[in-house]
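A.B. asks:
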């Protein structure tokens with residue numbers, strides 16, 4: 003059963019340039035894999051800036067800001083996917099970046115633990131319905147800081163977040179979640 | 101007390117009461133950040149009049165790192181006699197976006213972004 007949270011724009015509707023990186027579920031340990039989060043996020047961010055050319059100061063500042071935002075958002079999405087990916091599902095983790103005239107969208111997909119879905123969806127409901135400023139402050143002062151990655155994207159970067167829970171195309175018994183993060187340009 | 105890693109470094113200069121953070125903080129969760137938090141809180145526990153946190157060479161900070169810095173700021177909040185100065189740079193745009201949040205935790209925190 004497919005369930006959508008937020009204004010999820012399916013990848014196929016968001017045509018234009020795109021780039022995708024996939025991670026095999028069992029190839030390396032999470033400790034080794036962790037390092038690839040930063041490498042992948044920075045690669046996507048560097049790649050993106052080639053689409054915003056210009057030699058003047060304003061263009062350079064815009065490039066730097068966009069690069070920094072994509073680097074942060076992609077890294078957080080990958081960290082979450084690595085942390086919460088459900089190993090028994092054997093589902094690959096993927097990150098895709100789509101470019102449109104007015105926005106950059108990142109999509110990260112991973113397998114989810116069926117027993118953890120309800121709690122995750124409750125967190126999502128809070129992110130989508132409650133006051134972001136209040137939630138952000140709450141999590142900054144909270145010991146475990148869970149959800150601070152999403153809240154930083156929403157609060158500091160003005161990112162639009164949405165989620166799609168759906169059975170895997172390869173194995174319908176496996177549940178996957180795709181997180182969409184859309185940055186306006 | 102210093103931490104030297106391939107991807108990041110944390111140094112404490114006791115003579116100027118300054119903690120300098122460099123590189124990229126992409127560590128995994130509270131446990132991995134504990135040694136860095138330890139350096140910061142130990143510096144604060146000496147209760148200097150001013151404690152400077154120099155982040156001008158910190159290229160990247162993930163959300164677990166933001167959480168760690170929040171814990172540090174909340175720790176210093178108990179020492180009313182210590183003023184925190186956070187130094188940042190426009191070179192790394194994340195600093196302008198995220199460092200000001202720490203002032204909400206500690207309104208007396210002085211943020212200098214150059």
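Residue numbers (my numbering), protein chains in the order written: chain A, 3 to 187; chain B, 101 to 214.
Note that CB positions come from ideal geometry on N, CA and C, so glycine has one too.
When the Cα atoms are used, what is the spatial distance from residue 111 of chain B to residue 153 of chain A?
C.D. replies: By 1-based counting over the second chain, the position of residue 111 of chain B is 11. By 1-based counting over the first chain, the position of residue 153 of chain A is 151. Roughly 29 Å between the two C-alpha positions.
A.B. asks: Is it true that the segment 107 to 124 of chain A meets the segment 121 to 130 of chain B, where meeting means three or more beta-carbon pairs spaced less than 8 Å apart?
C.D. replies: The segment 107 to 124 of chain A vs the segment 121 to 130 of chain B: no contact.
A.B. asks: Whole angstroms are fine: how far does the CA of residue 110 of chain A sit from the CA of residue 167 of chain A?
C.D. replies: Here residue 167 of chain A corresponds to residue number 165 of the first chain, with the count starting at 1. Here residue 110 of chain A corresponds to residue number 108 of the first chain, with the count starting at 1. So the two alpha carbons sit approximately 12 Å from each other.
A.B. asks: Any idea which residues DSSP pairs residue 86 of chain A with across the strands?
C.D. replies: Translated into positions along the first chain, residue 86 of chain A becomes position 84. DSSP output for residue 86 of chain A lists no bridge partner at all.
A.B. asks: Which residues in the same chain as residue 120 of chain B place their Cβ atom closer than 6 Å to its Cβ, once the five residues preceding and following it in sequence are excluded?
C.D. replies: Counting from one through the second chain, the residue named residue 120 of chain B turns up at place 20. Excluding sequence neighbours, residue 120 of chain B sits near 111 and 154.
A.B. asks: Between which residues of its own chain and residue 83 of chain A is the CB-CB distance below 7 Å, once the five residues before and five after are set aside?
C.D. replies: Taking the first chain and counting its residues from 1, one reaches residue 83 of chain A at position 81. Result list for residue 83 of chain A: 95, 110 and 112, in chain order.
A.B. asks: Where do the N-terminal and C-terminal ends of the alpha helix (DSSP H) with residue 191 of chain B fall, by residue?
C.D. replies: Position 91 of the second chain, counting from 1, holds the residue named residue 191 of chain B. Premise fails: residue 191 of chain B is in no alpha helix (DSSP H) and is neither H nor E.
A.B. asks: Please list, in chain order, all residues of the same chain as residue 105 of chain B whose beta carbon is under 8 Å from its beta carbon, the five residues on each side excluded.
C.D. replies: Within the second chain, residue 105 of chain B is the residue found at index 5, counting from 1. Answer for residue 105 of chain B: 123, listed in chain order.
A.B. asks: When the Cα atoms are used, what is the spatial distance from residue 186 of chain A to residue 25 of chain A?
C.D. replies: Walking along the first chain from the start, residue 186 of chain A turns up at place 184. Walking along the first chain from the start, residue 25 of chain A turns up at place 23. About 27 Å.
A.B. asks: If you count every other CB in all the chains shown that lies within 10 Å of the CB of residue 43 of chain A, and 16 or more means buried, which is it?
C.D. replies: Counting from one through the first chain, the residue named residue 43 of chain A turns up at place 41. The residue is buried, with at least 16 neighbouring Cβ atoms inside 10 Å.
A.B. asks: Exposed or buried, what is residue 173 of chain A when buried is set at 16 or more other beta-carbons lying within 10 Å of its beta-carbon?
C.D. replies: If you number the first chain from 1, residue 173 of chain A lands on position 171. Residue 173 of chain A is exposed by the Cβ-count criterion.
A.B. asks: Could you pull the start and end residues of the alpha helix (DSSP H) that residue 114 of chain A belongs to?
C.D. replies: Within the first chain, the letter at position 112 stands for residue 114 of chain A. Neither: residue 114 of chain A is in no alpha helix (DSSP H) and is coded neither H nor E.
A.B. asks: Residues of the segment 120 to 133 of chain B with a CB closer than 9 Å to any CB of chain A: list them in chain order, please.
C.D. replies: Within the segment 120 to 133 of chain B, the residues whose Cβ lies closer than 9 Å to some Cβ of chain A are 124, 126, 127, 128, 129 and 130, listed in chain order.
A.B. asks: Listed from N- to C-terminal order along the chain, which residues in the segment 165 to 189 of chain B have their beta-carbon within a distance smaller than 7 Å of any beta-carbon of chain A?
C.D. replies: Listed in sequence order: 166, 167, 170 and 174.
A.B. asks: According to DSSP, which residues form a beta bridge with residue 6 of chain A?
C.D. replies: Counting from 1 along the first chain, the entry for residue 6 of chain A is found at position 4. A/166, per the DSSP bridge assignment.
A.B. asks: How would you list, in chain order, the residues of chain A whose beta-carbon sits under 9 Å from the beta-carbon of residue 201 of chain B?
C.D. replies: In the second chain, the residue the question calls residue 201 of chain B occupies position 101. Residues of chain A passing the Cβ test: 138, 139, 142, 154, 157 and 158.
A.B. asks: How big is the Cα-Cα spacing for residue 139 of chain B and residue 73 of chain A?
C.D. replies: Translated into positions along the second chain, residue 139 of chain B becomes position 39. Translated into positions along the first chain, residue 73 of chain A becomes position 71. Rounded to whole angstroms, residue 139 of chain B to residue 73 of chain A spans 27 Å at the Cα level.
A.B. asks: In this structure, does DSSP put residue 56 of chain A in helix, strand or coil?
C.D. replies: For the purposes of this step, residue 56 of chain A is taken as residue 54 along the first chain, with counting starting at 1. Note: residue 56 of chain A maps to coil in three-state DSSP.
A.B. asks: Less than 8 Å between the CB atoms is what I'm expecting for residue 182 of chain A and residue 163 of chain A, so what's the real figure, rounded?
C.D. replies: Counted from its first residue, the first chain places residue 182 of chain A at position 180. Counted from its first residue, the first chain places residue 163 of chain A at position 161. That belief holds up - the Cβ atoms of residue 182 of chain A and residue 163 of chain A are roughly 7 Å apart, short of 8 Å.
A.B. asks: Compile a chain-ordered list of the residues in the segment 28 to 42 of chain A whose CB is closer than 9 Å to at least one CB of chain B.
C.D. replies: Here the close residues are 32, 33, 36, 37, 39 and 40.
A.B. asks: Buried or exposed: which applies to residue 135 of chain B, given that a residue is buried once 16 or more other Cβ atoms fall within 10 Å of its Cβ?
C.D. replies: Here the question's residue 135 of chain B lines up with position 35 in the second chain. Exposed: under 16 other Cβ atoms inside 10 Å.
A.B. asks: Which full runs of the beta strand (DSSP E) of 3+ residues lie inside the segment 117 to 156 of chain B, going along the chain?
C.D. replies: Runs found: 118 to 125.
A.B. asks: Would you grab the beta carbon distance between residue 196 of chain B and residue 184 of chain B for me? Rounded to a whole angstrom, and I think it's under 8 Å.
C.D. replies: Reading the second chain from its first residue, position 96 is the one you call residue 196 of chain B. Reading the second chain from its first residue, position 84 is the one you call residue 184 of chain B. With a Cβ gap of about 18 Å, residue 196 of chain B and residue 184 of chain B do not count as contacting.
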